[in-house]
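Worksheet: one structure, shown below.
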Amino acid sequence: MTVTLKNIKKSYGDRIIFDNFNREIVFDKPVVLMGESGVGKTTLARMIAGLEKSDFGEILGVPKAVSFMFQEDRLLPWFSAKENVEYVSDGKAADYYLERVLLCGEKDTLVSELSGGMKRRVALARALAYKSELVILDEPFKGLDIELKKKMIALILEEKRQFLIITHEAEDAVLLGANVINIQ
3 MTVTLKNIKK
13 SYGDRIIFDN
23 FNREIVFDKP
33 VVLMGESGVG
43 KTTLARMIAG
53 LEKSDFGEIL
63 GVPKAVSFMF
73 QEDRLLPWFS
83 AKENVEYVSD
93 GKAADYYLER
103 VLLCGEKDTL
113 VSELSGGMKR
123 RVALARALAY
133 KSELVILDEP
143 FKGLDIELKK
153 KMIALILEEK
163 RQFLIITHEA
173 EDAVLLGANV
183 INIQ
């Protein structure tokens, strides 16, 4: 799969984020967006997902079904971990992915009672449980220790889908064996 960005322009008020940005993103393996804070990594991912519009230009080749894990967990705190995942899938998929993110013992726990790292894993399970060709993950490993991070990366690599991952950690890109796009 290839996503093509043509002449993308995006600004917020007087602040120009992208000006005539052109790029072909080939998804033959995971793709990692890297760059300093505030350079537009999340904005670019949101435009690819169709969650935000560019001011000018076009984005081609994006599949209809895109899953997005936000930088903030965006979980429903009054729902259990399983209910949060079921919000985008069925019970079978919820059980499967909660087990894969090592939270099957916490599936009936309210999200409001989970630690930050557990919430990140519920958010990852929910993103993976949604049937999509492209999965966009914004800082998916934030709050995870190195061993959990490696296990979540192994899970991602086992999935037969395309991944666009935003991270500040070069080590993440290496562990993912990813194509890296540096945004400046």
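Converting from the sequence shown to our numbering requires adding 2 to each position, the first position being numbered 1.
Quick reminder that beta carbons are idealized off the backbone N, C-alpha and C, glycines included.
Since the model is a prediction, treat every value here as computed from it, not as a measurement.
Whole-number beta carbon distance between residue j and residue i, since they are thought to touch under 8 angstroms
i	j	result
residue 2	residue 140	Not covered by the structure: residue 2. The range shown for the chain is 3 to 186.
residue 155	residue 126	Not confirmed; about 11 angstroms, so no contact.
residue 50	residue 183	Residue 50 to residue 183, Cβ: 11 angstroms. No contact.
Contact under 8 angstroms by Cβ, residue i with residue j
i	j	result
residue 32	residue 148	no
residue 100	residue 84	yes
residue 82	residue 104	no
residue 174	residue 34	yes
residue 37	residue 185	yes
Helix, strand or coil at residue i according to DSSP, with G and I counted as helix
i	result
residue 92	coil
residue 8	strand
residue 118	helix
Alpha-carbon spacing of residue i relative to residue j, whole angstroms
i	j	result
residue 10	residue 65	19 angstroms
residue 78	residue 53	20 angstroms
residue 75	residue 8	31 angstroms
residue 91	residue 158	18 angstroms
residue 96	residue 6	33 angstroms
residue 146	residue 118	9 angstroms
residue 110	residue 55	37 angstroms
contact_flag[the stretch 39-54, the stretch 16-30] where n(CB pairs < 8 angstroms) is 3 or more: yes
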